[in-house]
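>
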Amino acid sequence: MIKVAVNGYGTIGKRVADAIKQQNDMELVGVSKTRPSYEAMIAIRKGYPLFVPHQSEDEFEKRGIKVAGDINALFEKADIIVDATPGGIGVKYKEQYSKLGKKAIFQGGEKANVADISFSALCNYDEGIDKKYIRVVSCNTTGLLRVLCTINGLAGLERVRATIVRRGADPKETGKGPINSLDLDPVTQPSHHAADVKTVLKDLDIYTTAIIAPTTLMHMHSLEVRTKRDVTKEEVLDTLRNTSRIVVIPLTAEIEGTAEILEVTRDLGRIRGDLYEVAVFEGSIDVRQNLINLVYAVHQESIVVPENIDAIRASMGYKDSKELTDRNLGIMRGELL
Ligand code: NAD
């Protein structure tokens, strides 16, 4: 059993913790919280041992939240730590992980140099094997890389242009916006996503533009890919349908956008209504010789969960974990419906 600790039980951490519980070769040794919030109460209700900063233990106990120990004790119990703290905090913890000789998985909010490699399972699982520190790229970059590495396998990549419409905040983030504007992100483009994709596909010619939209549900990407050889629409569709972690939204479903996609995941009984897969709109796929255009949606809160599970196994030396992860998490391929 791989003993895993989750440092930072927030949007990503809680989902990774639940996913670890679904793996029969992993044990969740505990999770951490810095504040005695409702999320700490949920961790306790789920039976997850909760570790908090030493100086905050009394504050948690006063609120009736039972603490298993201080965060350092959590790290000591683990073979590997999934750091799901807010961007820029993980790098500060790295020294502690390193002193204890522990492996760690970082998230996309950290700079690429926090880890030995940036990781996207469909692109570079093998590079992650036995690495001490792995950074799972951000939600947008994971979406981009899944689709790009799939098309790369089909026909090679010559040039990529992408427009990213980002959600303004996660559903629980009531203090974030915009609430009535479409904002350039950043004002001086390109967005950082092109450089982030290049941490994995190093020589790719890619330019990305990003706009933040007043929605909390999902991101949407419009992608134009010039491939090395000509392809047909049927080839592209077949390849997308046959790739795990990508689903095609069939035209027959008459789904117009992100609200209806997440209605489907709730109707299907997915945990929290999450969608681990990239969802490509069939009606958006246009192929002319070596030019592919398509639009897809990315569920920012959950897309990186399978990659975190794979990154744990890769770091622990497993040769390939993608199929096992997919089976354990009930990941779909083919069509959404
Ligand atoms: P979050 O704010 O929802 O959760 C972070 C958690 O870390 C919270 O529970 C917070 O209490 C805890 N925390 C804060 N400071 C801490 C500290 N010093 N020590 C221990 N715990 C601490 O954030 P999130 O959205 O889950 O993001 C976590 C990471 O995942 C970031 O790097 C982010 O960029 C990345 N990420 C986020 C999303 C997303 O859409 N939310 C998607 C992909 C990747």
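Residue numbering for the sequence shown follows the numbering used here, starting at 27 and increasing by one per position. Where a beta carbon is used, it is the ideal one built from N, C-alpha and C, also for glycine. These figures come from a predicted structure and were not determined experimentally.
1) Under a Cβ-count criterion, where at least 16 other Cβ atoms within 10 Å of its own Cβ denotes burial, should residue 208 be classed as buried or exposed?
2) I'd like the ranges of any alpha helix (DSSP H) spanning at least 4 consecutive residues and lying wholly in the stretch 50 to 79.
3) Using a Cβ-Cβ cut-off of 6 Å (strictly less than) and excluding sequence neighbours within five positions of residue 189, which residues of its own chain qualify?
4) Between the Cα of residue 136 and the Cα atoms of 174, 118, 220, which residue gives the shortest distance?
5) With hydrogens ignored, establish whether the beta-carbon of residue 59 is closer than 7 Å to any heavy atom of the ligand NAD.
6) Just mark residue 347 as buried or exposed, buried being the case when its beta carbon has 16 or more other beta carbons within 10 Å.
7) Apart from the five residues just before and just after residue 352, which ones in its own chain have a Cβ nearer than 6 Å to its Cβ?
8) Kindly indicate which three-state DSSP category residue 219 falls into: helix, strand or coil?
9) Is the separation between the beta-carbon of residue 324 and that of residue 169 shorter than 8 Å?
10) Excluding the five sequence neighbours on either side, which residues of its own chain have a C-beta within less than 8 Å of the C-beta of residue 93, listed in chain order?
11) Taking DSSP as the reference, what is the three-state secondary structure of residue 255?
12) Just grab the DSSP bridge partners of residue 312 for me.
13) Name, in chain order, the residues that DSSP records as bridge partners for residue 307.
14) Starting from the Cα of residue 90, find the closest Cα among 70, 107, 96 and give me that residue.
15) May I ask which residues mark the beginning and end of the alpha helix (DSSP H) holding residue 166?
16) Please tell me whether residue 28 and residue 44 are closer than 8 Å, where the distance is taken between their beta carbons.
17) Give a yes or no on contact between the stretch 253 to 272 and the stretch 213 to 220, applying the rule of three or more CB pairs nearer than 8 Å.
The structure says:
1) Here residue 208 is exposed. Its C-beta has fewer than 16 other C-beta atoms within 10 Å.
2) For the stretch 50 to 79, the continuous alpha helix (DSSP H) assignments of 4+ residues that do not extend past its boundaries occur at 64 to 71, in sequence order.
3) The residues are 235, 248.
4) Ranking 174, 118, 220 by CA distance to the CA of residue 136 puts 118 first.
5) Within the cutoff, so yes.
6) Buried, by the Cβ-count rule.
7) The residues are 270.
8) DSSP places residue 219 in helix when its eight states are reduced to three.
9) Cβ atoms of residue 324 and residue 169: closer than 8 Å.
10) 76, 77, 78, 83, 86, 87, listed in sequence order.
11) The answer is coil: DSSP assigns residue 255 none of H, G, I, E or B.
12) 319, per the DSSP bridge assignment.
13) The secondary-structure analysis by DSSP pairs residue 307 across a beta bridge with 275.
14) Looking at the Cα atoms, 70 is the closest of the given residues.
15) For residue 166, the enclosing alpha helix (DSSP H) covers residues 165 to 181.
16) Inclusion of residue 28 and residue 44 in the CB contact set at 8 Å is not warranted, their separation being larger than that value.
17) The count of Cβ pairs closer than 8 Å, one atom from the stretch 253 to 272 and one from the stretch 213 to 220, stays below three, leaving the stretches out of contact.
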